[in-house]
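Take a look at the structure below.
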Amino acid sequence: MSAAAQKPEVSAAAPVLEARGVTKVYSVSAGLFAAPRPLTALAGVDLAIRAGSAIGLVGESGSGKSTLARLLLGIEQPTGGAVLFDGKPLGALSRRAVARRVQPVFQDPFGSLNPSHGVAEIIGLPLAVHRVGDKAARVAELIDQVGLPRRVADARPRELSGGQRQRVAIARALAIRPDVLVCDEPTSALDVSVQAQILNLLADLRRETGVALLLISHNLSVVGHLCERVAILYLGRVVEEGPAADVLAVPRHPYAKALAASVLSVGGTGLPDLGLGQEWPNPLAIPSGCRFHPRCPSVVDACRETDPALTGVPGGSADRHTACLRVAEGTL
Amino acid sequence: MSVPAAQVRRPARWRAALTHKSLVIGGGVVLLIAIAAILAPVLTPFDPAQPDIANRLKSPFWMADTVPGHYLGTDQLGRDYLTRLLYGARISLVIGLVAVAISATIGITLGLVAGYFGGKVDAVIGFVITTRLSMPLVLIALAVVAIAGGSLTTVTLVIGLLIWDQFAVVTRTATQQARSADYVRAAEAMGCSLPHILAREILPNIMPAVIVVATVELANAILLEAALSFLGLGVQAPLPSWGLMLSEGKNFMFFDPWLITLPGLCLVTLTMAINLMGDGLRDALRSGRR
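Protein sequences appear in the order of chains H and Z. In this text, residue positions in the first sequence follow the numbering used here: the first is 1, and each later residue adds one. In this text, residue positions in the second sequence follow the numbering used here: the first is 1, and each later residue adds one.
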């Protein structure tokens, strides 16, 4: 668990994968004769993933984490803003070209592996689709790399444990040597005892292969273990962003504080108890002003009217930002 | 010992399938009829279309005026009835299988596309399915035969092109469920082509449902062929179709009732066996998963 000491140096180069002012609005059917209602999943999100870096994305359900993941994977297109790959818009690249660069690891390894295929077939599929490399040799190499015994190659997913399945999913994602791995809550469907193993595997693979990680989680401690930067998402907006160690040690935004405090409570499986009341965030009805104000313990009148922008934190390091009026004023 | 898991499990899965009685009994009967149909020329020395006026309407072996050699008697033209039943099984099975192959291809394709894309594509294909469901089969067969004339090919095509609706409906629903699975999302993120996603990722997982529909539709197609042939819209004389034999025998039903009892019994046995097999298959496939 000494990942913090072993984190590789991050180059200050241009990001490999970047979301720039990305918005995503879905229209939700409200019934047969009612007009569809807009659901704002993301409202102007900036996120940059540099080569070989690990960035954490934290937020509750409904905060837009998984939507952002799908946009970064190119499975869906943003309604506004742009997803850039090496500075080029993702839309200008072909589906296959994007696939070579970004690969997903899904939350539920019971759903992400096709139950009618064997393990070797699952891991080898990206190699077959992209016609790269010696399939048999590469599959064996990947099975070793993710710490599975060679004999699982002949097994079906249902014969494996949750942790083993997630290793298979990671091997599949790494098969075509992508630049970025988008891990959408890779441990939340697993037993607590296995979660740390999978996180350590991701850290090891990052060190060995130089793949960049986007780690999506609702758990700040998971992110702190693996990532050097963290962005906290609330209702489709980044509310705090900065070096993981700083944000975890001294969270500034009230929402980040609540998340950091909830880490201490024994949760593990479900969502953390934030102690922020029952006002569940609803992307169909985003509050006026600061979108966090109905749940904020430090709310003032101005919060109900002004939507705060992401700005530098007074007294914080230069690469640290929050979207909170009171932090910007210096009164929080 | 590093025995690959798959080699150990396959026979176990088959043994588990054999515990389903209806599958064993139904499948056994179907297999028996299929073997008899294939071996028809070996099993009987007679020609199914060869009349023998001297030996007209002879009774089967358990009745008084039976003729040695003709175990199930002869029909109104003196043709050996056992031979005609055996060759009739060939026609029933061939028409059934070809018609199901045609309808499965159409129905599965439409269902996969409708279920995967949803939205407008789904609405259009849904309309096509409804249109098909609103067309009465026999009426269409009547019109087609009036235009093209009845033949083995026509009746196979008419049935094959009309019974795809169940395939489409079941495939569409199963695909809607499968398409939201993460392994489909993974295939999309991998850059897999659409045919690959539909045929290799989704189809294998909805196969159990499709196989069950196939058995039901096989029995359905065989009954339809018999019905159309009975009405004179299907297989034409002198080909030995069970439906045609029923139709030809009905004039003699008061004096020689076995002329319609025997082909009727064959039809009932075959369709019941197929349905029984389908039921067993469904149970076996259901318990085989997870």
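Just so it is clear, CB atoms sit at the ideal spot from N, CA and C, and this is done for glycine as well. All values reported here derive from a predicted model rather than from experimental measurement.
Exercise. Identify which residue in Z:Arg179, Z:Asp165, Z:Leu77 has its Cα closest to the Cα of threonine 105 of chain Z.
Key: Ranked by Cα distance from threonine 105 of chain Z, the options Z:Arg179, Z:Asp165, Z:Leu77 are led by Z:Asp165.
Quiz prompt | Boundaries of the alpha helix (DSSP H) in which glutamine 166 of chain Z is found, first to last residue | solution = Unbroken alpha helix (DSSP H) run through glutamine 166 of chain Z: 165-179.
Quiz item: Is DSSP giving valine 132 of chain H helix, strand or coil here?
Solution: DSSP places valine 132 of chain H in coil when its eight states are reduced to three.
Quiz item: How many Å lie between valine 213 of chain Z and glutamine 164 of chain H at the Cα?
Solution: Answer to the nearest angstrom: the Cα atoms are 35 Å apart.
Self-check item: Collapsed DSSP secondary structure at aspartate 283 of chain Z in the structure displayed
Solution: Helix, per DSSP.
Quiz item: If you pair each beta-carbon of the stretch 230-240 of chain Z with each one of the stretch 135-150 of chain Z, do three or more pairs fall below 8 Å?
Solution: Flag = yes, the stretch 230-240 of chain Z and the stretch 135-150 of chain Z touch.
Quiz item: So cysteine 163 of chain Z packs on glutamate 217 of chain Z, CB below 8 Å; how close in whole Å?
Solution: First, the residue type needs correcting, since residue 163 of chain Z is isoleucine and not cysteine in the sequence shown. Contact between isoleucine 163 of chain Z and glutamate 217 of chain Z is confirmed by a C-beta separation of about 5 Å, below the 8 Å threshold.
Self-check item: CB of arginine 172 of chain H within 9 Å of CB of leucine 199 of chain H, strictly
Solution: No, these two residues do not count as a Cβ contact at 9 Å.
Quiz item: Should asparagine 219 of chain H be labelled buried (16 or more other beta-carbon atoms within 10 Å of its own) or exposed?
Solution: Looking at its Cβ environment, which holds 16 or more other Cβ atoms inside 10 Å, asparagine 219 of chain H is buried.
Quiz item: If valine 102 of chain H sits next to leucine 205 of chain H, beta carbons under 8 Å apart, how far is it from one beta carbon to the other, in whole angstroms?
Solution: At roughly 15 Å, the Cβ-Cβ gap does not stay under 8 Å, so valine 102 of chain H and leucine 205 of chain H are not in contact.
Quiz prompt | Secondary structure, beta strand (DSSP E): runs of 3+ residues fully inside the stretch 214-267 of chain H | solution = List check, beta strand (DSSP E) in window: 229-234, 237-243.
Practice problem: Would you give the residue range spanned by the alpha helix (DSSP H) that glutamine 164 of chain H belongs to? | Solution: Element bounds for glutamine 164 of chain H: 162-174.
Quiz item: From this set, Z:Gly264, Z:Gly280, Z:Glu248, Z:Met277, which residue's C-alpha is nearest glutamine 76 of chain Z's C-alpha?
Solution: Between glutamine 76 of chain Z and the set Z:Gly264, Z:Gly280, Z:Glu248, Z:Met277, the nearest pair of CA atoms involves Z:Glu248.
Quiz prompt | Continuous alpha helix (DSSP H) assignments of at least 4 residues falling wholly in the stretch 28-68 of chain Z | solution = Runs of the alpha helix (DSSP H) inside the stretch 28-68 of chain Z: 40-43.
Exercise. In the DSSP assignment, find the beta strand (DSSP E) that holds isoleucine 49 of chain H and state where it starts and stops.
Key: Segment 37-49, the beta strand (DSSP E) holding isoleucine 49 of chain H.
Quiz item: Going along chain H, which residues have a C-beta under 9 Å from tyrosine 81 of chain Z?
Solution: Listed by position along chain H, the residues whose Cβ is nearer than 9 Å to that of tyrosine 81 of chain Z form an empty set, because the closest Cβ is around 47 Å away.
Quiz item: Taking Cβ positions only, does alanine 237 of chain Z come closer than 9 Å to chain H?
Solution: At a cut-off of 9 Å, the C-beta of alanine 237 of chain Z has no neighbouring C-beta in chain H.
Quiz item: Where are the alpha helix (DSSP H) runs, 4 residues long or more, that stay fully inside the stretch 177-209 of chain Z, in chain order?
Solution: Assignment of alpha helix (DSSP H) within the stretch 177-209 of chain Z, counting only whole runs of 4 or more residues, yields 182-189 in chain order.
Quiz item: On the premise that proline 243 of chain H lies in contact with serine 317 of chain H, defined as a C-beta separation below 8 Å, what is that separation, rounded to the nearest angstrom?
Solution: Between the beta-carbon of serine 317 of chain H and that of proline 243 of chain H there is about 7 Å, and that keeps the pair under the 8 Å contact cut.
Exercise. Tell me cysteine 183 of chain H's beta-bridge partners as DSSP assigns them.
Key: Partner(s): H:Val105, H:Leu215.
Quiz prompt | threonine 269 of chain H, DSSP secondary structure in three states | solution = In this predicted model, threonine 269 of chain H has a pLDDT of only 41, less than 50, meaning its place in the structure is not dependable; the value taken from the coordinates is given anyway. When DSSP states are grouped into helix, strand and coil, threonine 269 of chain H belongs to the coil group.
Practice problem: Tell me whether isoleucine 55 of chain H sits in a helix, a strand or coil according to DSSP, three-state version. | Solution: If DSSP states are grouped into helix, strand and coil, isoleucine 55 of chain H belongs with the strands.
Practice problem: State buried or exposed for glutamine 107 of chain H, treating a residue as buried only when at least 16 other CB atoms are found within 10 Å of its CB. | Solution: Classification of glutamine 107 of chain H: buried, given that the 10 Å Cβ count is 16 or more.
Quiz item: Is there a Cβ from chain Z that is less than 9 Å from the Cβ of valine 222 of chain H?
Solution: It does not; no Cβ of chain Z falls within 9 Å.
Quiz prompt | Among H:Pro104, H:Leu248, H:Val230, the one whose alpha carbon lies nearest that of aspartate 179 of chain H | solution = Each of H:Pro104, H:Leu248, H:Val230 was checked against the Cα of aspartate 179 of chain H, and the nearest Cα belongs to H:Pro104.
Self-check item: Contact set for leucine 233 of chain H: own chain, Cβ-Cβ below 8 Å, skip 5 residues either direction
Solution: So the list reads Val45, Leu57, Val58, Gly59, Ser63, Gly64, Lys65, Leu68, Val239, once near-sequence residues are dropped.
Exercise. Quick one: measure Cβ to Cβ for glycine 69 of chain Z and alanine 54 of chain Z, integer angstroms, because I've assumed they're closer than 8 Å.
Key: Glycine 69 of chain Z to alanine 54 of chain Z, Cβ: 13 Å. No contact.
Quiz item: Between the stretch 197-214 of chain Z and the stretch 166-180 of chain Z, are three or more C-beta pairs nearer than 8 Å?
Solution: Enough Cβ pairs lie closer than 8 Å, so yes.
Quiz item: With 16 as the cutoff for other CB atoms within 10 Å, does glutamate 185 of chain H come out buried or exposed?
Solution: It counts as buried.
Quiz item: Quick one, are the C-beta atoms of histidine 130 of chain H and arginine 167 of chain H less than 9 Å apart?
Solution: Not in contact: histidine 130 of chain H and arginine 167 of chain H (Cβ atoms no closer than 9 Å).
Practice problem: Could you name the residues of chain Z that alanine 92 of chain H contacts, counting a contact when the two beta carbons are closer than 8 Å? | Solution: In chain Z, no part has a C-beta under 8 Å from the C-beta of alanine 92 of chain H; the shortest such distance is about 15 Å.
Practice problem: Mind listing the chain Z neighbours of glycine 111 of chain H? Cutoff is C-beta to C-beta under 8 Å, in chain order. | Solution: Per Cβ cutoff of 8 Å: Ala181, Asp182, Tyr183.
Quiz prompt | glutamate 241 of chain H versus valine 121 of chain Z - alpha carbon distance | solution = Each residue's CA atom was taken as its position, placing glutamate 241 of chain H and valine 121 of chain Z some 42 Å apart.
Quiz item: Nearest-angstrom Cα distance between arginine 132 of chain Z and glycine 126 of chain Z?
Solution: C-alpha separation (whole angstroms): 10 Å.
Quiz item: In chain order, what residues of the same chain lie with their CB nearer than 7 Å to the CB of lysine 58 of chain Z, ignoring the 5 residues before and after it?
Solution: Around lysine 58 of chain Z, the same chain offers Asp65, Thr66, Val67, His70, Gly73, Thr74 as residues with beta carbons nearer than 7 Å, after the five sequence neighbours per side are excluded.
Exercise. Please compile the residues from chain Z whose C-beta is within a distance smaller than 7 Å of the C-beta of proline 126 of chain H.
Key: Result: Met190.
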